[in-house]
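Here is the structure we will look at.
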Amino acid sequence: MLPPFTFANTPRLQLRPLVMQEARELLLVVMASRESLGRYMSWPREMVELDHARRFVKMGREQWLAGRTVRLGVFERESGALVGNVELDGVDSRRRQAELGYWVRSDREGNGYAGEAARSMLRYAFDTLRMHKVRADVAVGNSASARVLEKLGFTREGTLREDRPVGNVFVDHWRYGLLSREFR
74 MLPPFTFANT
84 PRLQLRPLVM
94 QEARELLLVV
104 MASRESLGRY
114 MSWPREMVEL
124 DHARRFVKMG
134 REQWLAGRTV
144 RLGVFERESG
154 ALVGNVELDG
164 VDSRRRQAEL
174 GYWVRSDREG
184 NGYAGEAARS
194 MLRYAFDTLR
204 MHKVRADVAV
214 GNSASARVLE
224 KLGFTREGTL
234 REDRPVGNVF
244 VDHWRYGLLS
254 REFR
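The sequence shown begins at 74 in my numbering and counts up by one.
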């Protein structure tokens with residue numbers, strides 16, 4: 074099991090694990106954002122029923138207990154609305170590496186929420202988990218996500234050819250990396 078996520082709420086956001094009662098809200102957010110999220114990732118196209126959202130919530134808890142993933146809902150502090158998700162996946166304590174992932178619902182894009190949530194997760198990765206490196210993969214062409222990573226200090230390390238399927242097509246991904254000493 075991973076240490077509890079110790080975070081300070083940002084001025085605008087609260088990061089916390091989703092609970093099963095929020096599965097319906099998660100499903101509605103993903104369905105409303107399916108077009109924008111589905112351009113670069115397959116899973117939003119696959120979350121079409123409440124049971125799928127429940128599995129997403131349940132898997133987040135199970136993977137945290139297994140020491141592999143920290144998956145947190147991102148909520149607006151003012152409204153309480155679910156605006157996205159941030160996670161640290163593939164936590165490898167031996168190699169001291171993990172992978173950062175995030176998404177923001179389409180009607181809240183452009184507000185800096187992804188960067189704000191990712192920065193909080195990176196603090197946890199480097200300060201609490203003592204990771205040496207955090208990586209992130211971004212579908213080629215997803216310039217908004219690439220900008221988030223670059224603003225956080227990540228370096229583009231290369232291109233992974235036909236790395237992951239989006240729909241029925243394998244697409245290239247940019248690999249980004251951030252070392253603990255580079256995190257500002």
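The beta carbon of each residue, even a glycine, is placed where N, CA and C say it ideally should be.
How would you label residue i, buried or exposed, when you count the other beta carbons within 10 angstroms and need 16 or more for buried?
| i | result |
| --- | --- |
| ARG257 | exposed |
| THR232 | exposed |
| LEU155 | buried |
Quick one: residues in its chain with C-beta nearer than 7 Å to the C-beta of residue i, no 5 flanking neighbours on either side, listed in chain order?
| i | result |
| --- | --- |
| ALA190 | LEU86, LEU88, VAL147, GLY157, VAL159 and TYR175 |
| ALA219 | VAL211 and TRP247 |
| ARG234 | ASP245 |
Helix, strand or coil for residue i? Go by DSSP, reduced to three states.
| i | result |
| --- | --- |
| THR232 | strand |
| PRO238 | strand |
| GLY157 | strand |
| ALA209 | strand |
| PHE243 | strand |
| VAL130 | helix |
| PHE148 | strand |
Going by C-alpha distance, which of the options is nearest residue i?
| i | options | result |
| --- | --- | --- |
| VAL130 | LEU101, PRO90 and TRP116 | PRO90 |
| ALA171 | LEU138, ARG144 and VAL207 | VAL207 |
| MET104 | PRO84, ARG118, VAL92 and GLY240 | ARG118 |
| GLY188 | LEU225, ARG254, SER253 and TRP137 | LEU225 |
| LEU99 | ASN82, SER166, PRO84 and ARG127 | ARG127 |
| ARG97 | GLU122, SER109 and PRO76 | GLU122 |
| GLY240 | THR228, ARG107 and ARG229 | ARG107 |
| LEU202 | GLN94, PRO238, ARG169 and MET120 | ARG169 |
| LEU101 | PHE199, SER109 and MET120 | MET120 |
| TYR197 | ASP180, VAL164 and PHE227 | VAL164 |
Just to confirm my understanding: we take residue i, look at its own chain, exclude 5 residues before and 5 after, and list those with CB closer than 6 Å. What are they?
| i | result |
| --- | --- |
| LEU222 | ALA209 and TYR249 |
| MET194 | VAL159 and LEU161 |
Any chance the stretch 108-115 sits against the stretch 204-224, with 3 or more Cβ pairs inside 8 Å? Proximity of the stretch 108-115 to the stretch 204-224 meets the contact definition, three or more beta-carbon pairs being nearer than 8 Å.
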